[in-house]
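Presented below is the structure to which this report refers.
There are 2 protein chains.
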Amino acid sequence: MAKDPTTDLSRRERQILDVIYRLGRATVAEVVADLPDAPSYSAVRALMGIMEEKGQLTHEQDGARYIYLPTVSREKARKGVLKSVVQTFFDGSSRQAIAALLELPESKFSREELDALSALIEKAKKEGR
Amino acid sequence: MAKDPTTDLSRRERQILDVIYRLGRATVAEVVADLPDAPSYSAVRALMGIMEEKGQLTHEQDGARYIYLPTVSREKARKGVLKSVVQTFFDGSSRQAIAALLELPESKFSREELDALSALIEKAKKEGR
DNA sequence: AGCACGCTGCTAAAGAACTAGCATCCTCGA
DNA sequence: TCGAGGATGCTAGTTCTTTAGCAGCGTGCT
């Protein structure tokens, strides 16, 4: 059974990975800059080294420095996270999760977005038949 | 300023808290049973004690044993988690998150659920106007 | 009442995470 | 070409997490 990668991370490691997912790709300096309670540069660097060893990150060379990126695609990570959130907080019901998202104060949908969502639901209705 | 509780947890602590959110409330034994890579009973017990000190858990007495529950309501936890997931993996777009949920293989919506979602969206459209 | 079972309180120690600083190497601009 | 700035490789030490085991107490059953 595939182990949930998010379950296997220490606190800082998860923070770092989150930053990288948010940015897509990032240098050590960028990660430090984006970390809420930034520890030392060295610390972050060491952690990222470990994460690379463990296989959660890779790096590309860019001139003198490294640009880190996740080994798991954002797509896959998204699915994994959603799945576990639904499981943990919504009794396995995606519907409830969607409802909560719709009611989230931060959401603020435009007319177009709502239309797009309607369309998606219609599509699901047709396919489910 | 309220600190993000999920950011402040160690690996095991987060695992434990997740189990408790999943179950709503739980004894130590139940948590152990639900943990994928269960450590010793003692270990879990110690961790939960620490988490209670830190304020993430409380317990109620039930006969001889403790029943633990989170100090933060499931409601609030849900919102917090969704917000951070949307932020980290969906560029702050709830719409994208919803779309991903709709397309999640695990989702499998019933006809009724889809209708309920349609209704919610219609409601949002009206309110947004 | 007596007994077995399960759960908590505590102590202590191994292990992993986290941090710092120095030496070295590469890159870019003067 | 030469120097400055910045980034990595490493080593070592501290701190926090995570673990186990023993002792005592309450609960429920016989």
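Heads up: the protein sequence lines correspond to chains A and B, in order.
Add 250 to a position in the first sequence, counting from 1, and you land on the number used in my numbering.
Add 250 to a position in the second sequence, counting from 1, and you land on the number used in my numbering.
No residue lacks a Cβ here, since even glycine has one placed at the ideal position from N, Cα and C.
This structure is a prediction, so every number in the text was calculated from the model and none was measured.
Asked	Found
Mind listing the chain A neighbours of B/ARG324? Cutoff is C-beta to C-beta under 8 Å, in chain order.	PHE339
If we cut at 9 Å on Cβ distances, does B/ILE371 have a partner in chain A?	yes
Under the three-state reduction of DSSP, which class applies to A/THR308: helix, strand or coil?	strand
DSSP beta-bridge partners for A/TYR316?	A/GLN311
Quick check: the Cα distance between B/GLU377 and A/SER357, rounded to an integer number of angstroms?	13 Å
Please state whether the Cβ-Cβ distance between A/VAL322 and A/MET298 is less than 9 Å.	no
For chain A, is any of its Cβ atoms less than 9 Å away from the one on B/ASP258?	yes
Alpha carbon to alpha carbon, what distance is there between B/ARG324 and B/GLN306?	12 Å
Just checking: is the beta-carbon of A/ALA252 within a distance shorter than 9 Å of some beta-carbon in chain B?	With a pLDDT of only 39 at A/ALA252, under 50, the local geometry of the prediction cannot be trusted, and no value is derived from it.
Is it true that the CB of B/LEU351 sits closer than 9 Å to the CB of A/ILE371?	no
On the DSSP bridge assignment, give the partners of A/ALA276 in chain order.	A/TYR318
Return the CA-CA distance between B/ALA296 and B/ARG262, expressed in angstroms with no decimal places.	11 Å
Using a Cβ-Cβ cutoff of 7 Å, what residues of the segment 264–284 of chain B are near chain A? List them in chain order.	GLN265, ASP268, TYR271 and ARG272
Ignore the nearest five residues each way along the sequence and tell me which others in B/ILE270's own chain have a CB closer than 8 Å to its CB.	ALA276, VAL281, LEU307, TYR318, LEU319 and PRO320
Can you list the residues of chain A that B/ARG361 reaches, using a CB-CB cut of under 8 Å?	LYS375 and GLY378
So the alpha helix (DSSP H) B/PHE339 belongs to, where does it begin and stop?	324–339
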